[in-house]
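Visitor: Below is a structure I'd like to ask you about.
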Amino acid sequence: MGIISLFLDTIILLFSLTISLSAPLIDAQVILPSSLYPSPLISLHKWYAGQFGDYLMTEKPLFFVGLVWIEILCLWPLCVMNVYGVLKGKSWVKTTALMAGVCAGTSMAAIMSEILGSGRASEKLIQMYTPFLLFVICAISRGFISRGKRASSSASHGPSARKKRV
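Quick note: the sequence shown uses our numbering, first residue 244, plus one each step.
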C-alpha cells in the first residue's frame, strides 16, 4: 500500500497546489470585485476564459457563482491543508483529502453536467476540467487507504507494568 499512497499523495499534492493558487487568484474573480485584483491577474483570467472558451467564467451563471463560493470557503482551505499535510507526512491528510475530494467531486458533477449537456463547451474546455476528476478519485481513495508505513507508538506496556497505588 506504500507505493499506492505515495502515488495518490503526489496527485493530491499537485492538484491541491494548483487549486491553492488558482482559487483565490483566478476563480475568485467570479465573485469578488475586479478592483481587488492587479491588472495582470485580470488579464490572466480573461486570457484563460478566452483561450479555453470557459463561458462559465465569463457569463457567471448563478449555480457557478455558488460553486465558486464553496470552492473559496471550503475547498481552498482543505487544499492548503493537503499541501502542508502531504509535504510534512501528517496522518490527518487522508481526512482532509477525503473532504476535498468529496467537495470537488460535488462541484465537478454540476460543472461537467453543464458543459457536457449544454453543447457549448469546446474540446479544450472539456480537456481542462477532466483532469480534476482524477483529483477527485485520488483524493477520495486516499481517504480510505492508510499510510504504507506507520509510526509505531511508544512501547506499549500492559496494565501489569504500571505501579499500583497504595
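Ideal Cβ positions, reconstructed from N, Cα and C, are used throughout, including at glycine.
Between the C-alpha atoms of residue 330 and residue 336, what's the straight-line distance to the nearest angstrom?
Guide: Pairing residue 330 with residue 336, the inter-Cα distance amounts to about 10 angstroms.
Visitor: Name the residue from 363, 351, 382 whose alpha carbon lies nearest to the alpha carbon of residue 257.
Guide: 382
Visitor: Touching or not, the stretch 335-353 and the stretch 370-387, by the rule of three or more beta carbon pairs under 8 angstroms?
Guide: yes
Visitor: Within a Cβ cutoff of 7 angstroms, which residues of the same chain sit near residue 262, ignoring the five residues on either side of it in sequence?
Guide: 318, 319, 322
Visitor: For the putative contact between residue 284 and residue 268, defined by C-beta atoms under 8 angstroms, what is the C-beta separation to the nearest angstrom?
Guide: 6 angstroms
Visitor: Tell me which residues share the same chain as residue 302 and place their Cβ nearer than 8 angstroms to its Cβ, disregarding the 5 neighbours each side in the sequence.
Guide: none
Visitor: Distance, Cα to Cα, residue 247 vs residue 378?
Guide: Roughly 14 angstroms separates the two Cα atoms.
Visitor: With distances taken Cα to Cα, identify the nearest neighbour of residue 353 among 277, 307, 345.
Guide: Among 277, 307, 345, the Cα nearest to that of residue 353 is on 307.
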